[in-house]
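Note that the UniProt record's numbering has the sequence shown beginning at 1, numbered continuously upward.
The beta carbon of each residue, even a glycine, is placed where N, CA and C say it ideally should be.
Keep in mind that this is a model prediction, so the values were computed, not measured.
Below is one structure, written out as structure tokens; comments come after it.
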Amino acid sequence: MKYISIKQAAVKFGISEEQTRELCEQGKFRNAQLVDDFWIIPESARLPQKKTRKKAHDLRNYLTLPQACAELSVSVATGYNWIKLSKLVPDRIENKKNYFTKSYISKLKKEIKSGKNLSLKSRRNKKFISGSYIYNSYVSKDSTSIEIISRLLENVDSHKIDIDTEHLRMIMSETALSLIVKRLELDYRPPYLPAFFEGRLKLGCYEKLISDLIGKGSKVKKLVEKYSYLLDLNFDYQESEDTLGLVYISCRNIENRKATGTYYTPSKVVDKIVKIVLSSDSYHPGDNLLDPCCGTGNFLLKLPFEVKVENIFGNDIDDIAVTLTRINLALKYKLDNTDILYKNITNSDFLTEFSNPRITHILGNPPWGYSYTSEEKNVLKNLFSSAKGSTIESYDVFLEKSIMHSKNGGTITFVMPEAILNVKTHYPVREKLIENTSILSLNYLGNAFDKVQCPCIIMQLKKTSKPISCINMKVTDGQREFVIRKERYVDSQYLNFKTDDNEEQILSKIFSLNNIRFLKDNALFALGIVTGNNNLYISSRKSANNEVILKGADVFKYRIDAPKRFITFNPEHFQQVAPESMYRAKEKLIYRFISNHLVFAYDDKQTLSLNSSNIVIPQIEGLSIKYILSILNSSIAQFIYDKRFNSVKVLRAHIESIPIPMISYEEQKPFINLVEEIMACKDKTKVETLYRNLDAIIFSLFNLDESQKALILDACDMTKFL
């Protein structure tokens, strides 16, 4: 069966890609499959006929399943699963479509947020985790503010106060006044807001900043009388510490932070970025620096005093945060005139409104996962090539705007998810990057943010308006640092610079080998089963009606662990299932999906597998499946996977990229024999010896010298998962 992509299907049917994807999620295309997070559709598929909806006027006050799922911040697939489990109950069903009253979904949403409905408060519904949290890593270990903020949040929690914008303005104003009094060494005692409102607290040019923070027509004055117990905020002023920012982010609701893509940068990461910017050969004293999404100004605060305030620029869409940045900088430089701050620190949309040709260096942490409205998406699609797809990632468009806005010779230094280097959806911005910049430095950070499981990078670009050069790029990966001295080919499909010049030379030698083939277009792939409810469908006991089903943890190199789980195969009940022929193939390879190692096992027992263990059936004419298995499990394949992809998910594209030398069947026999010996052997020590012997003859296929072999073996844990 031939398949086409979402994009091809959309063109074929004359509908949008979004509509096509929705039809896939609704199961409207028979045999459509979700492969590595991408839908593929049978080439023979037809567009489902629209049925006339009866009593359409009755449905105006109802939400469809996709609309309800959008409100609840879950995928449509999760919505279907909840319906199966009776966790989400349709109010009516017409033409096999589920409809929900707006009031029901609104109530459910509130229950999830409050914690009343714990059955739906799953890891897939993280957007509705609410509450307050102190980001200790946002400030240095010397900060004295943590204890005061903890006391504040305990007060908020014990009095069950739902902090809204007005409460926030009150708390931030008292905090700011505390810092101003300490910094200017004024003789006043807390609480400060009552004295400010009564005109007893004289602050000169700082009074306008506090008035901005309180806001016009604000209810803060009334709140001060009601919530005086929240004003025990006697902070000390500490140089370069963003105390205002820490209070602000600790009091803001987590839900709001995620909706605006706000992930606050740890102090150590800020320090690294500032050091990278100022130590670059491209930076000269007097250059202007901009943080286009400055928040409360933590990056700008970390700039040394040698950087003059007139050279510092910041921008943000959050008006409270902009005011806090102005206060922070006024305190840092002890200004007696704040006019420069109103000129340089602006409240605007960087993507559509900001323009300043005087900027030389851009730095900061652009928003991640910002939720754009339909109107905003339409505007961005007309401005940025990285916004043309079905989804818009905010850090993509921020990076593209920064590249467009930068001067030649200027730099852009951002902390961003590592995904920008290699995930398919970020391809358009990578194209912009390699066409217009060179990478000066790349720092792989791993998981650097509190409560965020997302590997990150610090990337510094230099605007050149010409194709990328890798020469003199500095790469830092944990404790490892090196400089790339030789030019190398850069493909916008995938950017990976974790290889030094010696490792890159090895990879070039491997891929330049004559007579190699790849599994791309030469294999069948299938995902494992998603039941939708493992507790219901999976059993730990064997019965007459069920059979073995594997998960990723059961799969090892060349072997499958003793069965622990059983299932009755009723595919019509499952959330995701591949064609049965894939599971029942005479021979197939099963591999771990979630893994930083390539782990493949041979199966000729037609075993079922869950989606943590997927399937590949090689179809390279003249090559035995067991010979291909030996290549996929080899140290060379692991070296390629580590250095080219550095992933914790084994994707189809990764497997398709492993080179497989073409040799005759007679030449394959030693490989096949060793594979069969390993599969039959129960002695772990002997298995390791056999594996090393097999690895040695695989090395001989790639013509590598002894030093290159040693480098690969040193980089790979060759016996793991045996």
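- How close, in whole Å, do the beta carbons of Leu461 and Leu440 come, if the pair is a contact with beta carbons under 8 Å? Working through the sequence shown from its first residue, we reach residue 461 at position 461. Working through the sequence shown from its first residue, we reach residue 440 at position 440. The pair is a contact, with the Cβ atoms about 7 Å apart (cut-off 8 Å).
- Can you tell me whether DSSP reads Asn443 as helix, strand or coil? The sequence position of residue 443 within the sequence shown is 443, counting from 1. Asn443 falls in the strand class under three-state DSSP.
- Task: Using 10 angstroms around the beta-carbon of Asn443, count the other beta-carbons present and answer buried if the total reaches 16, otherwise exposed.
- Result: On the sequence shown, residue 443 is found 443 positions in, with the first residue counted as 1. Burial is judged here by how many other beta carbons sit within 10 angstroms of a residue's own beta carbon; Asn443 has at least 16 and is buried.
- Task: Decide yes or no for the touch test of the segment 481-490 against the segment 407-421: beta carbon pairs closer than 8 Å, at least 3 of them.
- Result: Three or more beta-carbon pairs separated by less than 8 Å are not found between the segment 481-490 and the segment 407-421, which leaves the two stretches without contact.
- Message: If I follow the unbroken alpha helix (DSSP H) through Gly245, where does it start and stop?
- Response: Within the sequence shown, the letter at position 245 stands for residue 245. Gly245 -> alpha helix (DSSP H) spans Thr243 to Cys251.
- Item | At least three beta-carbon pairs within less than 8 Å, the segment 531-545 to the segment 489-507 | Taking 8 Å as the limit for Cβ pairs, the verdict is that the segment 489-507 does not touch the segment 531-545.
- Apply the 10 Å Cβ neighbour rule to Leu392 and answer buried if 16 or more other Cβ atoms are within range, or exposed otherwise. Numbered from 1 along the sequence shown, position 392 holds the residue referred to as residue 392. It is worth fixing the name first, because residue 392 is Ile in this sequence and not Leu. Buried, because 16 or more other Cβ atoms sit within 10 Å of the Cβ of Ile392.
- Length of the line joining the Cα atoms of Asn337 and Ser595: Within the sequence shown, residue 337 is the residue found at index 337, counting from 1. Within the sequence shown, residue 595 is the residue found at index 595, counting from 1. Spanning the two alpha carbons is a distance of roughly 57 Å.
- Message: Suppose contacts are defined by Cβ-Cβ distances below 8 Å. Is Ile516 in contact with Met662 by that definition?
- Response: Indexing the sequence shown from 1 puts residue 516 at position 516. Indexing the sequence shown from 1 puts residue 662 at position 662. In this structure, Ile516 sits near Met662, with a CB-CB distance shorter than 8 Å.
- Message: When you compare the segment 205-220 with the segment 236-244, are there three or more beta-carbon pairs, one atom per stretch, that lie closer than 8 Å?
- Response: The segment 205-220 is not in contact with the segment 236-244.
- Task: For Gln493, I'd like the list of residues in its chain whose CB is within less than 7 Å of its CB, leaving aside the five on either flank, ordered along the chain.
- Result: Numbered from 1 along the sequence shown, position 493 holds the residue referred to as residue 493. Cβ neighbours of Gln493 beyond the five flanking positions: Tyr427.
- Message: Would residue 804 and Asn347 be called neighbours here (beta carbons separated by less than 8 Å)?
- Response: Shown here, the chain extends from 1 to 722; a query on residue 804 therefore has no answer.
- Message: Once DSSP output is grouped into helix, strand and coil, what is the label at Tyr135?
- Response: What you label residue 135 is simply residue 135 of the sequence shown in a count that begins at 1. Note: Tyr135 maps to coil in three-state DSSP.
- Please classify His597: does DSSP put it in a helix, a strand, or coil? Along the sequence shown, one-based indexing puts residue 597 at 597. Coil, per DSSP.
- Message: Going by beta-carbon coordinates alone, are Val247 and Ile317 separated by less than 8 Å?
- Response: The residue given as residue 247 occupies position 247 in the sequence shown. The residue given as residue 317 occupies position 317 in the sequence shown. For Val247 and Ile317, no; Cβs fall outside 8 Å.
- Could you tell me the boundaries of the alpha helix (DSSP H) in which residue 727 lies? As displayed, the chain neither begins before 1 nor continues past 722, which places residue 727 out of reach and without an answer.
- For residue 723, count neighbouring Cβ atoms within 10 angstroms of its own Cβ and tell me buried if that reaches 16, exposed if not. Since the first residue shown for the chain is 1 and the last is 722, residue 723 is missing from the structure and cannot be characterised.
- Three CB pairs or more closer than 8 Å across the segment 615-630 and the segment 565-575: No, because fewer than three Cβ pairs between the segment 615-630 and the segment 565-575 fall closer than 8 Å, the two stretches do not touch.
- Message: Could you check whether the segment 300-309 touches the segment 274-288, counting it as contact only if at least three pairs of C-beta atoms, one from each stretch, sit closer than 8 Å?
- Response: Taking one beta carbon from each stretch, the segment 300-309 and the segment 274-288 have 3 or more pairs nearer than 8 Å; the two touch.
- Task: May I ask which residues mark the beginning and end of the alpha helix (DSSP H) holding Pro670?
- Result: For the purposes of this step, residue 670 is taken as residue 670 along the sequence shown, with counting starting at 1. Tyr665 to Ala680 is the span of the alpha helix (DSSP H), which, as asked, contains Pro670.
- Query: How many angstroms separate the CA atom of Pro194 from the CA atom of Ile214?
  - Reply: The residue labelled residue 194 in the question sits at position 194 within the sequence shown. The residue labelled residue 214 in the question sits at position 214 within the sequence shown. Rounded to the nearest angstrom, the two C-alpha atoms are 13 Å apart.
- Looking only at its own chain, which residues have a Cβ that is under 8 Å from the Cβ of Leu711, when we skip the five neighbours before and after it? Working through the sequence shown from its first residue, we reach residue 711 at position 711. Excluding the 5 residues flanking it on each side, Leu711 has same chain C-beta neighbours closer than 8 Å at Asn502, Glu503 and Ile506, in chain order.
- Return the CA-CA distance between Ser609 and Trp82, expressed in angstroms with no decimal places. In the sequence shown, the residue the question calls residue 609 occupies position 609. In the sequence shown, the residue the question calls residue 82 occupies position 82. The alpha-carbon atoms of Ser609 and Trp82 are separated by roughly 23 Å.
- Query: Are Ile590 and Leu632 close, meaning C-beta to C-beta below 8 Å?
  - Reply: Locating residue 590 in the sequence shown gives position 590, where the first residue counts as 1. Locating residue 632 in the sequence shown gives position 632, where the first residue counts as 1. No Cβ-Cβ contact shorter than 8 Å links Ile590 with Leu632.
- Message: Using only the alpha-carbon positions, how far apart do Ala387 and Leu399 sit?
- Response: The residue labelled residue 387 in the question sits at position 387 within the sequence shown. The residue labelled residue 399 in the question sits at position 399 within the sequence shown. Distance between the alpha carbons of Ala387 and Leu399: 12 Å.
- Query: Which ranges does the alpha helix (DSSP H) cover as unbroken runs of at least 4 residues, wholly within the UniProt domain "TaqI-like C-terminal specificity" (548-660), from first to last along the chain?
  - Reply: Within the UniProt domain "TaqI-like C-terminal specificity" (548-660), the complete alpha helix (DSSP H) runs of at least 4 residues are 580-583, 625-632, 635-640 and 652-656.
- Query: Taking C-beta to C-beta, are Phe414 and Met473 nearer than 8 Å?
  - Reply: Locating residue 414 in the sequence shown gives position 414, counting from the first residue. Locating residue 473 in the sequence shown gives position 473, counting from the first residue. No, these two residues do not count as a Cβ contact at 8 Å.
- Taking the C-alpha atoms as reference points, what is the distance between residue 726 and Lys160? Only positions 1 to 722 of the chain appear in the structure, and residue 726 is not among them; the question remains open.
- Message: As a quick exercise: from Ile697, Asn703 and Leu177, pick the residue whose alpha carbon is nearest that of Leu231.
- Response: As a working note, residue 231 is residue 231 in the sequence shown. Of the listed residues, the one whose Cα sits closest to Leu231 is Leu177.
- Item | Cβ pair Glu17, Lys7 closer than 8 Å | The count along the sequence shown starts at 1 and reaches residue 17 at position 17. The count along the sequence shown starts at 1 and reaches residue 7 at position 7. For Glu17 and Lys7, yes; Cβs fall inside 8 Å.
- Delimiting residues of the beta strand (DSSP E) encompassing Phe354: As a first step, residue 354 is located in the sequence shown; it is residue number 354 there, counting from the start. No residue range can be given for Phe354, since it is assigned to no beta strand (DSSP E) and is classified by DSSP as neither H nor E.
- In terms of residues, what are the limits of the beta strand (DSSP E) holding Ser5? In the sequence shown, residue 5 corresponds to position 5, counting from 1. Counting along the chain, the beta strand (DSSP E) containing Ser5 begins and ends at Tyr3 to Ser5.
- Query: Hey, how far is the Cα of Lys28 from the Cα of Ala10?
  - Reply: Your numbering for residue 28 matches position 28 in the sequence shown. Your numbering for residue 10 matches position 10 in the sequence shown. Per the coordinates, the alpha-carbon of Lys28 lies some 14 Å from the alpha-carbon of Ala10.
- Task: Determine the direct distance from the alpha carbon of Ala553 to that of Cys681, and round the result to whole angstroms.
- Result: Translated into the one-based positions of the sequence shown, residue 681 becomes position 681. Translated into the one-based positions of the sequence shown, residue 553 becomes position 553. Here the C-alpha atom of Cys681 lies approximately 20 Å from the C-alpha atom of Ala553.
- Inter-stretch contact at 8 Å, needing at least 3 Cβ pairs: the segment 463-473 / the segment 431-438: Result yes; three or more Cβ-Cβ pairs closer than 8 Å.
- Task: Output the distance between the C-alpha atoms of Ala330 and Leu341, rounded to the nearest integer angstrom.
- Result: Locating residue 330 in the sequence shown gives position 330, where the first residue counts as 1. Locating residue 341 in the sequence shown gives position 341, where the first residue counts as 1. Whole-angstrom Cα-Cα distance: 8 Å.
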